[in-house]
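Participant: In the working numbering, the protein residues as written are 2 to 414.
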Ligand SMILES: Cc1cc2nc3c(=O)[nH]c(=O)nc-3n(C[C@H](O)[C@H](O)[C@H](O)COP(=O)(O)OP(=O)(O)OC[C@H]3O[C@@H](n4cnc5c(N)ncnc54)[C@H](O)[C@@H]3O)c2cc1C
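Structure representation (structure tokens):
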């Protein structure tokens with residue numbers, strides 16, 4: 002069977018690429034070894050982060066480094082045995098996180114981020130996915146006045162530099178907005194432009210249904226069977242062998258498995274993260290997704306229950322699961338918000354696909370004709386899925402891209 006394009010990986014990024022290509026009249030086959038959005042795009046915190054102009058950097062202050070080195074924090078955890086393999090990535094990541102360089106990265110990143118809500122809103126309307134969307138923004142909670150005031154002034158700078166809007170809430174205003182949070186907080190930064198979803202996989206499946214309704218095909222198959230032959234791409238799938246003119250690699254944390262086989266050596270790593278759902282006790286209600294900033298975990302009102310998500314775990318992608326951050330966060334979260342019993346039998350884990358310069362890899366593959374990359378979205382794959390989908394589809398079809406793709410090019414490695 003011959004198609005115009007094959008998209009490898011049916012996470013939120015691959016689904017958005019496939020949908021945007023199909024919308025442009027291409028015949029597209031989307032391939033995944035599992036069902037759609039069953040990996041990283043399944044269990045994230047559900048935020049579409051218009052405020053996320055500064056991708057999460059590696060800390061540079063001595064106090065934070067010391068805390069992290071003890072490996073007892075909630076927001077970060079590492080496997081000591083993985084450090085020799087991760088060292089080259091961490092070194093590059095540290096260098097790109099130096100304040101002046103980080104600011105430069107943010108200016109490039111912001112060009113994608115600024116479109117994230119608009120691009121999702123367009124797909125949400127087209128796909129009839131309104132039921133998943135909450136337009137409440139989200140909140141960073143603060144325990145100390147020092148941290149609060151520091152972040153308030155940072156938010157002022159982001160407003161003037163990047164057009165990111167916020168409301169600065171004192172303790173009393175926060176209690177009004179979130180009456181069930183314990184009165185231990187000094188205030189909150191309410192990011193007002195972001196939207197959130199009550200079920201990240203549900204949103205991805207709504208986009209997939211639209212792709213299929215437009216004539217797109219979703220099929221099971223192993224991306225590792227992709228070969229270039231006679232000016233086209235061939236792949237084996239459960240539906241038989243397929244041929245396509247263009248191939249897009251959107252394999253998230255597994256992108257390097259295929260790119261390495263094709264001769265590319267990207268310095269990729271993962272930051273793993275966990276989630277657990279809880280029933281809210283009694284009549285308790287969480288009105289916004291919230292980050293307990295100084296403790297380093299996240300609570301969101303999702304469809305299944307209150308979802309607690311954890312920060313970064315530096316480990317090899319396939320190493321044993323070690324949800325220690327979840328174990329550390331849970332008692333603190335219970336003191337902050339009345340959580341009842343756990344709703345999942347075990348913690349979910351996902352792997353954020355990361356590049357050391359914190360920018361995704363989007364665009365043409367340098368060594369192969371008609372091969373395209375769409376991976377490395379780290380903490381913001383849901384946020385940037387729709388933007389990436391449109392940008393890749395415009396590049397593949399030769400339209401003028403709505404965002405300059407050059408900062409995200411694979412050639413920078
Ligand atoms: C705890 C946590 C919280 C997060 N919160 C947020 C948030 O609030 N907002 C946000 O924007 N982002 C968030 N993220 C990040 C976000 O989830 C990821 O960036 C995003 O899901 C990556 O999407 P993807 O499509 O690139 O990868 P994936 O969703 O992992 O998709 C990759 C696909 O490739 C498939 N695949 C792998 N190997 C093969 C193969 N050999 N053959 C065929 N298919 C294959 C997999 O089955 C998978 O379906 C969070 C992540 C975590 C872990």
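Beta carbons: idealized from backbone N, C-alpha and C, even for Gly.
None of these values were measured; they are calculated from a predicted model.
#1: In terms of residue numbering, what span does the alpha helix (DSSP H) encompassing residue 97 cover?
#2: Expressed to the nearest angstrom, what Euclidean distance is found between the alpha-carbon atoms of residue 329 and residue 261?
#3: Within the same chain, show all residues whose beta-carbon is closer than 7 Å to that of residue 134, passing over the 5 residues directly before and after it, in chain order.
#4: Name the two residues that bound the continuous beta strand (DSSP E) containing residue 279.
#5: Note down the Cα distance separating residue 342 from residue 335, rounded to an integer number of angstroms.
#6: Whose CA, out of 247, 12, 2, lies closest to the CA of residue 377?
#7: Can you check whether the CB of residue 23 is closer than 8 Å to the CB of residue 268?
#8: Give the straight-line distance between the Cα atoms of residue 129 and residue 207, rounded to the nearest whole angstrom.
#9: Which two residues bound the contiguous alpha helix (DSSP H) that contains residue 405?
#10: Do the CB positions of residue 228 and residue 32 come within less than 8 Å of each other?
#11: At a cut of 8 Å, does the segment 87-102 reach the segment 132-148 through at least three beta carbon pairs?
#12: Name the DSSP bridge partner or partners of residue 291?
#13: May I ask you to check if the CB of residue 379 is nearer than 7 Å to at least one heavy atom of ligand 1?
#14: For residue 272, which residues of its own chain have a beta-carbon under 6 Å away from its beta-carbon, when the five flanking residues on both sides are left out?
#15: Evaluate contact between the segment 274-281 and the segment 239-251, counting only Cβ atoms and requiring at least three cross-stretch pairs below 8 Å.
#16: I need the boundaries of the alpha helix (DSSP H) containing residue 173, first residue and last residue.
#17: For ligand 1, any of its heavy atoms closer than 7 Å to the Cβ of residue 110?
#18: So the candidates are 204, 69, 68; which of them puts its Cα closest to the Cα of residue 386?
#19: Quick one: any contact between the segment 231-242 and the segment 37-53, if contact means 3 or more CB pairs under 8 Å?
#20: Taking the DSSP output, what are the residues bridged to residue 309?
#21: Just the Cα atoms here: how many angstroms apart are residue 317 and residue 83?
#22: Tell me the rounded alpha-carbon separation between residue 359 and residue 107.
#23: Return the CA-CA distance between residue 100 and residue 39, expressed in angstroms with no decimal places.
#24: Can the beta-carbon of residue 410 be found less than 8 Å from the beta-carbon of residue 364?
#25: Per DSSP, which one or two residues make a beta bridge with residue 79?
#26: Can you tell me which of 45, 121, 152 puts its alpha carbon nearest to the alpha carbon of residue 295?
#27: Mind checking whether residue 379 and residue 80 have CB atoms under 8 Å apart?
#28: With a threshold of 7 Å (Cβ to nearest heavy atom), would residue 50 be considered close to ligand 1?
#29: Return the residue from the list 408, 407, 375 that minimises the CA-CA distance to residue 393.
#30: Measuring CA to CA, which of 339, 333, 189 is closest to residue 176?
#31: Taking C-beta to C-beta, are residue 9 and residue 259 nearer than 8 Å?
#32: Quick one: using the 10 Å Cβ neighbour count with 16 as the cut-off for buried, is residue 300 buried or exposed?
#33: Assign residue 151 to one of three DSSP states: helix, strand, or coil.
#34: Go through its chain and collect everything with a Cβ distance to residue 192's Cβ below 6 Å, but skip five positions before and after it.
Facilitator: This is what the structure gives:
#1: By 1-based counting over the chain shown, the position of residue 97 is 96. 84-97 is the span of the alpha helix (DSSP H), which, as asked, contains residue 97.
#2: Here residue 329 refers to the residue found at position 328 of the chain shown. Here residue 261 refers to the residue found at position 260 of the chain shown. One C-alpha to the other measures close to 37 Å.
#3: As a working note, residue 134 is residue 133 in the chain shown. The residues are 125, 196, 198.
#4: By 1-based counting over the chain shown, the position of residue 279 is 278. Element bounds for residue 279: 270-281.
#5: In the chain shown, counting from the first residue as 1, residue 342 sits at position 341. In the chain shown, counting from the first residue as 1, residue 335 sits at position 334. Just so you know, the alpha carbons of residue 342 and residue 335 end up roughly 10 Å apart.
#6: Indexing the chain shown from 1 puts residue 377 at position 376. Checking every option, the nearest Cα to that of residue 377 belongs to 12.
#7: What you label residue 268 is simply residue 267 of the chain shown in a count that begins at 1. What you label residue 23 is simply residue 22 of the chain shown in a count that begins at 1. Contact: no.
#8: Residue numbering aside, residue 129 sits at position 128 when the chain shown is read from its first letter. Residue numbering aside, residue 207 sits at position 206 when the chain shown is read from its first letter. Approximately 7 Å between the Cα atoms of the pair.
#9: Reading the chain shown from its first residue, position 404 is the one you call residue 405. Annotation for residue 405: no alpha helix (DSSP H) segment contains it, and DSSP assigns it neither H nor E.
#10: One-based indexing of the chain shown puts residue 228 at position 227. One-based indexing of the chain shown puts residue 32 at position 31. The answer is no: Cβ separation not under 8 Å.
#11: no
#12: In the chain shown, counting from the first residue as 1, residue 291 sits at position 290. DSSP lists 140, 300 as partners of residue 291.
#13: Counting from 1 along the chain shown, the entry for residue 379 is found at position 378. Checking every heavy atom of ligand 1 against the Cβ of residue 379, one is found closer than 7 Å.
#14: In the chain shown, residue 272 corresponds to position 271, counting from 1. These residues qualify, in order along the chain: 313, 353, 355.
#15: The segment 274-281 is not in contact with the segment 239-251.
#16: As a first step, residue 173 is located in the chain shown; it is residue number 172 there, counting from the start. Annotation: the continuous alpha helix (DSSP H) that includes residue 173 extends over 172-178.
#17: Looking up residue 110 in the chain shown gives position 109. Checking the Cβ of residue 110 against ligand 1 gives no.
#18: In the chain shown, counting from the first residue as 1, residue 386 sits at position 385. That would be 204, whose Cα lies nearest to the Cα of residue 386.
#19: no
#20: Translated into the one-based positions of the chain shown, residue 309 becomes position 308. Its beta-bridge partners are 277, 300.
#21: On the chain shown, position 316 is the one that residue 317 refers to. On the chain shown, position 82 is the one that residue 83 refers to. Approximately 6 Å between the Cα atoms of the pair.
#22: Along the chain shown, one-based indexing puts residue 359 at 358. Along the chain shown, one-based indexing puts residue 107 at 106. Those two C-alpha atoms are separated by around 9 Å.
#23: Taking the first residue of the chain shown as position 1, residue 100 is located at position 99. Taking the first residue of the chain shown as position 1, residue 39 is located at position 38. In this structure, the alpha-carbon of residue 100 lies about 36 Å from that of residue 39.
#24: As a first step, residue 410 is located in the chain shown; it is residue number 409 there, counting from the start. As a first step, residue 364 is located in the chain shown; it is residue number 363 there, counting from the start. Yes. Within cutoff.
#25: For the purposes of this step, residue 79 is identified with residue 78 of the chain shown, where counting begins at 1. According to DSSP, which records beta bridges pairwise, residue 79 is partnered with 315.
#26: Residue mapping note: residue 295 aligns to position 294 of the chain shown, counting from 1. Comparing Cα positions, the closest option is 152.
#27: For the purposes of this step, residue 379 is taken as residue 378 along the chain shown, with counting starting at 1. For the purposes of this step, residue 80 is taken as residue 79 along the chain shown, with counting starting at 1. Cβ distance not < 8 Å, so residue 379 and residue 80 don't count as in contact.
#28: Numbered from its first residue, the chain shown carries residue 50 at position 49. Yes, since a heavy atom of ligand 1 falls inside the 7 Å radius drawn around the Cβ of residue 50.
#29: Here residue 393 refers to the residue found at position 392 of the chain shown. Among 408, 407, 375, the Cα nearest to that of residue 393 is on 375.
#30: Against the chain shown, residue 176 aligns to sequence position 175. Of 339, 333, 189, the residue nearest in Cα terms is 189.
#31: As a working note, residue 9 is residue 8 in the chain shown. As a working note, residue 259 is residue 258 in the chain shown. In contact: residue 9 and residue 259 (Cβ atoms closer than 8 Å).
#32: Reading the chain shown from its first residue, position 299 is the one you call residue 300. Buried: at least 16 other Cβ atoms inside 10 Å.
#33: Walking along the chain shown from the start, residue 151 turns up at place 150. DSSP places residue 151 in helix when its eight states are reduced to three.
#34: Here residue 192 is taken as the residue at index 191 of the chain shown, counted from 1. Cβ neighbours of residue 192 beyond the five flanking positions: 52, 138, 139, 167.
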